[in-house]
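Before any comments, here is the structure.
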Amino acid sequence: MRLLWPIALITFKEGIRNRSIYGISLLALLMLVANFIVSDMMSQEVGKVAVDMALSAVSFSGLLLVLFVGINLMAKDLDRKTIYMVLAKPVSRAQYLMGKFLGVTLLIIACLTILSCFAAASLFLIKLGHPDYFQRFSWPLVCLSFSFITLMLILVAALSFLFASFTSTSFITFILTIISYIIGMALNDVKALVEAPQAVGITVSPVTVKVVQTAYYIFPNLSFFDIKTQAAHGLPVSPSYIIGVVGYGVVYITIVMTLAGLIFRKKEFP
Amino acid sequence: MNRGRFFPILLLMVTIPAYFTILSNVTLLNKRLPKSDEMSVVLPSPVLKITSLDFDGLASDMLYLKALVFYGSTYSDKGQRKVKEWEYNWLYNTLKASTDLDPYFLDPYFFANGILTWEARKVPEVNALLVKGSRYREWDYWLPFFIGFNHFYFLGDNDKAAEYLMEASKKPGASPFFGFLATRMAYKGNRTENAIIFLERMLKTTKDQTLRNDYETRLKALNAILFLEKCVAVFKERTGRNPIKITELQELGVAGLIPADPYGGEFYIDKDGSVKTTSDLRPMKKTKNN
Numbered sequence: 001m002r003l004l005w006p007i008a009l010i011t012f013k014e015g016i017r018n019r020s021i022y023g024i025s026l027l028a029l030l031m032l033v034a035n036f037i038v039s040d041m042m043s044q045e046v047g048k049v050a051v052d053m054a055l056s057a058v059s060f061s062g063l064l065l066v067l068f069v070g071i072n073l074m075a076k077d078l079d080r081k082t083i084y085m086v087l088a089k090p091v092s093r094a095q096y097l098m099g100k101f102l103g104v105t106l107l108i109i110a111c112l113t114i115l116s117c118f119a120a121a122s123l124f125l126i127k128l129g130h131p132d133y134f135q136r137f138s139w140p141l142v143c144l145s146f147s148f149i150t151l152m153l154i155l156v157a158a159l160s161f162l163f164a165s166f167t168s169t170s171f172i173t174f175i176l177t178i179i180s181y182i183i184g185m186a187l188n189d190v191k192a193l194v195e196a197p198q199a200v201g202i203t204v205s206p207v208t209v210k211v212v213q214t215a216y217y218i219f220p221n222l223s224f225f226d227i228k229t230q231a232a233h234g235l236p237v238s239p240s241y242i243i244g245v246v247g248y249g250v251v252y253i254t255i256v257m258t259l260a261g262l263i264f265r266k267k268e269f270p
Numbered sequence: 271m272n273r274g275r276f277f278p279i280l281l282l283m284v285t286i287p288a289y290f291t292i293l294s295n296v297t298l299l300n301k302r303l304p305k306s307d308e309m310s311v312v313l314p315s316p317v318l319k320i321t322s323l324d325f326d327g328l329a330s331d332m333l334y335l336k337a338l339v340f341y342g343s344t345y346s347d348k349g350q351r352k353v354k355e356w357e358y359n360w361l362y363n364t365l366k367a368s369t370d371l372d373p374y375f376l377d378p379y380f381f382a383n384g385i386l387t388w389e390a391r392k393v394p395e396v397n398a399l400l401v402k403g404s405r406y407r408e409w410d411y412w413l414p415f416f417i418g419f420n421h422f423y424f425l426g427d428n429d430k431a432a433e434y435l436m437e438a439s440k441k442p443g444a445s446p447f448f449g450f451l452a453t454r455m456a457y458k459g460n461r462t463e464n465a466i467i468f469l470e471r472m473l474k475t476t477k478d479q480t481l482r483n484d485y486e487t488r489l490k491a492l493n494a495i496l497f498l499e500k501c502v503a504v505f506k507e508r509t510g511r512n513p514i515k516i517t518e519l520q521e522l523g524v525a526g527l528i529p530a531d532p533y534g535g536e537f538y539i540d541k542d543g544s545v546k547t548t549s550d551l552r553p554m555k556k557t558k559n560n
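As they're listed, the protein sequences go chains E and X.
Just so you know, we're using this note's numbering here: the first sequence kicks off at 1 and counts up by one.
Just so you know, we're using this note's numbering here: the second sequence kicks off at 271 and counts up by one.
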């Protein structure tokens with residue numbers, strides 16, 4: 001940890017200084033301002049739409065943060081060859097990778113906390129204006145959803161580290177990460193669809209079913225972290241589900257980062 | 271002024287007004303573009319669910335807004351509404367997709383029930399939508415209340431109506447009035463009177479101005495019908511027969527003035543003595559191409 005911390009700190013500082021963050025924050029703020037306009041157009045469920053918009057703004061901005069800032073933080077060291085300077089110190093490659101990941105994790109947590117505060121402020125103000133339309137609103141559920149989004153983004157960042165450990169350019173890492181995110185988000189629905197195709201009147205070959213079932217075990221099921229509907233409608237989320245999802249996230253991140261460390265150890269730098 | 275600076279400023283002075291002129295013209299032309307039933311296609315719900323990733327709640331909100339904005343845009347300059355049959359189909363499909371993405375979302379159910387039943391007469395379809403909604407929104411009394419009303423008013427099935435209203439009355443926060451209404455429906459018709467009560471309830475909880483305007487117009491029309499129905503009853507009591515023409519009510523002094531139909535139609539007495547309107551409580555179409 002003593003060796004990881006300086007790398008994590010410098011990665012975090014580098015990330016905070018990245019100008020993309022300003023753009024992403026501006027986008028998030030615009031989405032939150034749009035929240036006032038859109039939710040005001042609803043005739044009944046102002047609270048539901050406000051929560052949807054706020055959580056989506058945080059989730060989308062966080063995703064952009066991982067894709068445009070997180071990936072670059074790792075790639076920059078490789079592209080500018082500054083990695084040699086770090087590896088010349090008594091730091092193993094795995095420690096370097098873990099330090100970087102820790103830095104990106106800190107960056108995600110810090111940025112998401114700020115974004116969540118803005119989102120919560122927008123919700124608070126809308127709630128103040130339409131108190132009668134927030135009857136099923138629950139702050140604990142909204143906060144839980146913010147936390148799940150943060151954990152999901154850390155998992156996506158871990159995947160980007162895995163891809164960065166064996167790809168030669170940051171662009172390929174970016175593409176692989178975005179594909180994994182899309183698969184991870186759609187996996188649950190696709191699996192349900194191919195396993196019961198008769199429900200929507202389509203036919204699916206057994207090979208496709210097998211492929212999807214295999215993918216289900218390989219790719220992360222990111223929809224586990226999506227409790228926006230529950231937060232928007234104040235639907236209960238059991239403590240066992242929360243523990244299960246956190247456990248799933250932590251174990252998946254550990255597996256991915258261990259694999260990334262193993263591959264990165266053998267990586268040849270140009 | 272420096273020539274190098276003068277030219278760009280001059281160019282901007284010409285292009286900016288041109289931009290606004292072209293924008294308003296193209297917007298108008300775009301509205302007039304011929305559109306067909308093919309445009310009523312809405313992506314199937316499983317596809318929408320998969321492609322919306324973790325933003326399905328937001329996608330549901332956007333689909334609902336799209337339907338709402340579209341419906342609002344069907345108002346012409348003269349305050350008349352022009353909605354074609356395929357446009358009602360598109361509205362239904364969009365609202366259905368919105369509720370497939372988020373079946374807990376109340377607004378699409380409200381909107382579908384408020385518009386598609388009265389105007390498009392898609393009562394069975396809307397009822398199916400509402401049944402789906404009440405499966406998810408177990409705590410909500412509105413959806414069974416709507417289903418009950420639709421069974422009573424549009425389908426003439428008082429038993430089913432009473433059954434759903436009873437179900438609504440058992441939900442938390444439901445007005446005890448629902449139970450009373452259920453027994454009343456099970457006992458006898460009172461179609462117009464109950465419809466007025468129903469609309470007044472909806473008006474109380476609807477914030478959206480477009481929908482409120484629609485409900486208010488409908489309420490005005492129903493109040494006029496109720497007034498005429500009461501006049502017909504008095505007429506029958508005095509003469510022992512139903513009036514043939516609506517003007518007979520004035521001639522006998524039962525009605526001072528025949529109220530105007532806010533939808534632009536004219537009230538008349540049907541063969542069975544019931545009060546009807548030529549607008550059928552739908553906005554009157556003024557041109558052939560509507």
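Positions of the beta carbon are idealized from the N, C-alpha and C atoms, including for glycine.
Against chain E, the beta carbon of Thr285/X has no neighbour under 7 Å; the closest one sits roughly 27 Å away. With a threshold of 8 Å between beta carbons, Tyr374/X makes contact with chain E. Below the 9 Å Cβ cutoff, chain X contributes no neighbours of Val142/E, its closest Cβ being approximately 13 Å away.
Within the model, the alpha-carbon separation for Asn363/X versus Pro553/X is close to 22 Å.
A straight line joining the alpha-carbon of Leu115/E with that of Phe134/E spans about 22 Å. Bounds of any beta strand (DSSP E) do not take in Thr487/X; it lies within the alpha helix (DSSP H) bounded by 479 to 509. Against chain X, the CB of Val38/E has a partner CB under 8 Å away; the residue lies at that interface. Excluding the 5 residues flanking it on each side, Ser145/E has same chain C-beta neighbours closer than 7 Å at Leu55, Ile227, Lys228, Ala231, in chain order. The C-beta of Ile292/X has fewer than 16 other C-beta atoms within 10 Å across all chains shown, which makes the residue exposed. Counting only residues of its own chain and dropping the five nearest sequence neighbours on each side, Tyr84/E has a CB closer than 8 Å to the CB of Phe269. Listed in chain order, the non-local C-beta contacts of Lys301/X below 7 Å within the same chain number zero, local neighbours out to five positions each way being set aside.
With fewer than three CB-CB distances shorter than 8 Å, the stretch 30 to 42 of chain E does not count as touching the stretch 312 to 321 of chain X.
Under the Cβ distance rule, Asp189/E counts among the residues neighbouring chain X, one pair being separated by less than 8 Å.
In this structure, Gly403/X sits away from Asp372/X, with a CB-CB distance that is not shorter than 8 Å. Contact of Asp370/X with chain E by beta-carbon distance below 7 Å is absent, the smallest such distance being about 11 Å. Annotated as proximal: Ala525/X and Leu498/X, with beta-carbon spacing under 8 Å.
Shown here, Tyr345/X sits in a strand according to DSSP, grouped into three states.
Ranking Pro6/E, Gly201/E, Ala94/E, Val104/E by CA distance to the CA of Ile16/E puts Val104/E first. The C-alpha of Leu151/E is placed about 8 Å away from the C-alpha of Val246/E. Contact between Val66/E and Val207/E fails: their C-beta atoms lie close to 33 Å from each other, not under 8 Å. For Lys352/X, there is no enclosing alpha helix (DSSP H), as DSSP marks it with neither H nor E. Shown here for Ser322/X: same chain residues with a beta carbon closer than 6 Å to its own, the five before and five after excluded, namely Ala329 in chain order. Contact annotation for Leu481/X against chain E: Ser43 [CB-CB distance below 8 Å, chain order].
With a threshold of 8 Å between beta carbons, Asp79/E makes no contact with chain X.
Under the Cβ criterion of 8 Å, Pro414/X is not counted among the residues facing chain E. Across the structure, Leu282/X and Ser294/X are spaced so that their CA atoms are roughly 18 Å apart. Flagged as an interface residue toward chain X: Leu193/E, by a C-beta distance shorter than 8 Å. Taking a contact as a CB-CB distance under 8 Å, the pair Leu425/X and Val393/X counts as one, their CB atoms being some 6 Å apart. Closest in alpha carbon position to Ile183/E, among Gly261/E, Ala215/E, Leu29/E, is Ala215/E. Scanning Leu32/E, Ser238/E, Ala196/E, Met74/E for the CA closest to the CA of Phe124/E turns up Leu32/E.
Interface annotation, Phe340/X: not in contact with chain E, CB-CB separation never under 8 Å. Remark: C-beta atoms of Leu338/X and Ala367/X do not approach each other more closely than 8 Å. Within chain X, the residues whose beta carbon sits less than 8 Å from that of Met185/E are Leu323, Asp324, listed in sequence order. In the three-state reduction of the DSSP assignment, Val545/X falls in the strand class, which pools E and B.
The three-state reading of DSSP puts Tyr411/X in coil, since its state is none of H, G, I, E or B.
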